[in-house]
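Numbered according to the numbering used here, the sequence shown terminates at residue 294, and the numbering increases by one at each position without gaps.
Idealized CB from N, CA, C, for every residue including glycine.
Right, one structure below, let's go through it.
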Amino acid sequence: MKSKAHIFLESAFYTLLTLPKLIILSKRYAAKRIKDYKNNANKIVILGNGPSLKATITEILSMKQNYETLCVNHFAESEYYKQIKPNFYVLNAPEMWMEDVESFHREKGQKLFKSIADNTSWSLQLFIPAQAKKVRGWQKVLSENKFITINYFNTTPLEGFEKFIFKMMENGWGMPRPHNVLIPSIILSMRMGFKKIYLAGADHSWLKEIFVSEDNEVFLTQKHFYDEKKAEARTMDKLGKGSRKLHEVLEKFTYAFSCYFLLNRYAKKKQISIINLTEGSFIDAFDRAKHIEA
């Protein structure tokens, strides 16, 4: 167990290490105050794309007038996108818009942005990392749709003293390592002023989907509610290229799961409730419930 002195020195070191990253990587235009989009109910449902979302989607559709909705990643390619008409859309993975990636990711990204542009006929606030602003391809596709407003956010990794992390995070200069799209989705929801944040389809049950081949390649089957039966095992890449080793895959998961505890501590300080509706979810940081409060 680390001593208090050790923890203090370690936090001081990582805080000092983070400061130059903020100066170099974070963009002022992405740190601006987020407009207050919350409804009178102060509630938002974040729709993860895990297989369990199928079990919750009917309830969400029947009560969607009582809260705002936020979707992520490839949700626009599903049949439910035009039914739910989400208020917010968060994209996080760089391979979705980067051009210097393997063709598999480039084609998936092109299909995604076309789906968003073609299927959105209501006011949509789309949030995407600041790094994406210098890539014109995806912007050209979305610019043809007058209903979509693009917002940028900083993904500069924050480490160090917890108070420092919280201050930089709430002012939009960065966030704890966003190794999963759920992390920026929760942070943006808190910054928009929502007091109750529900998570649906946040299975995070990848651990039981990992295996190592006889060639020492690490495979992961990432199942979603829209492709659960068709999903195939693939290697986990690094920014759309190559593949990760097992310790790198597990490290990525560790960052995500530990980050949820950090976000929950911040939420409690701000009197925000983060509630996980996902049955069988591997996330152990948040309170759970079976249904959305009426």
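Span of the alpha helix (DSSP H), counted from its first residue to its last, around residue i
i, result
"L53", "L53 to M63"
"V212", "Element bounds for V212: not the alpha helix (DSSP H) but the beta strand (DSSP E), I210 to V212."
"S115", "S103 to N119"
"S205", "Neither: S205 is in no alpha helix (DSSP H) and is coded neither H nor E."
"P176", "It is not in any alpha helix (DSSP H) - P176 carries neither H nor E in the DSSP assignment."
"G169", "Sequence check: residue 169 is Met here, not Gly. Element bounds for M169: E162 to E170."
"E251", "L246 to K269"
Contact belief for residue i with residue j at Cβ below 8 Å, rounded distance in angstroms
i, j, result
"L25", "T156", "5 Å"
"G280", "D227", "Not confirmed; about 18 Å, so no contact."
"T15", "G160", "3 Å"
"A55", "G172", "Wrong, their Cβ atoms sit about 34 Å apart, outside the cutoff."
"L347", "T149", "Residue 347 is absent from the model: the chain starts at 1 and stops at 294."
"A200", "T254", "No, A200 and T254 are not in contact; Cβ-Cβ is about 24 Å, not under 8 Å."
"V72", "L112", "Not quite, the Cβ-Cβ distance comes to about 11 Å (not below 8 Å), so this is no contact."
"I272", "F286", "Going by Cβ atoms, the distance from I272 to F286 rounds to 11 Å, so no, they are not a contact pair."
"H179", "A130", "About 17 Å; that fails the 8 Å criterion."
Helix, strand or coil at residue i [DSSP, three-state]
i, result
"A200", "strand"
"P341", "Since the displayed the chain opens at 1 and closes at 294, residue 341 lies outside it and no answer follows."
"D215", "coil"
"L220", "strand"
"F13", "helix"
"Y81", "helix"
"F153", "strand"
"K238", "strand"
"R33", "coil"
Start and end residues, beta strand (DSSP E) containing residue i
i, result
"T69", "E68 to V72"
"V90", "F88 to V90"
"I317", "The requested residue 317 is not part of the displayed model; the chain covers only 1 to 294."
"S273", "S273 to N276"
Residue i classed as buried or exposed, judged by whether at least 16 other C-beta atoms fall within 10 angstroms
i, result
"L142", "buried"
"S185", "buried"
"S313", "One cannot answer for residue 313 here, as it falls past the ends of the chain, which runs 1 to 294."
"Y89", "buried"
"I23", "exposed"
"F211", "exposed"
"A76", "buried"
"T58", "exposed"
"E300", "With the chain represented from 1 up to 294, any question about residue 300 goes unanswered, as that position is not in the structure."
"A267", "buried"
"F194", "buried"
"W138", "buried"
"W122", "exposed"
"S52", "buried"
"I187", "buried"
"A5", "exposed"
"F225", "buried"
"E68", "buried"
"A93", "buried"
"L91", "buried"
"P86", "buried"
"P20", "exposed"
"I7", "exposed"
"N216", "exposed"
Task: Unbroken stretches of the beta strand (DSSP E), 3 residues or longer, contained in the segment 124 to 150 - done: The beta strand (DSSP E) runs lying completely inside the segment 124 to 150 and spanning 3 residues or more are 124 to 129, given in chain order.
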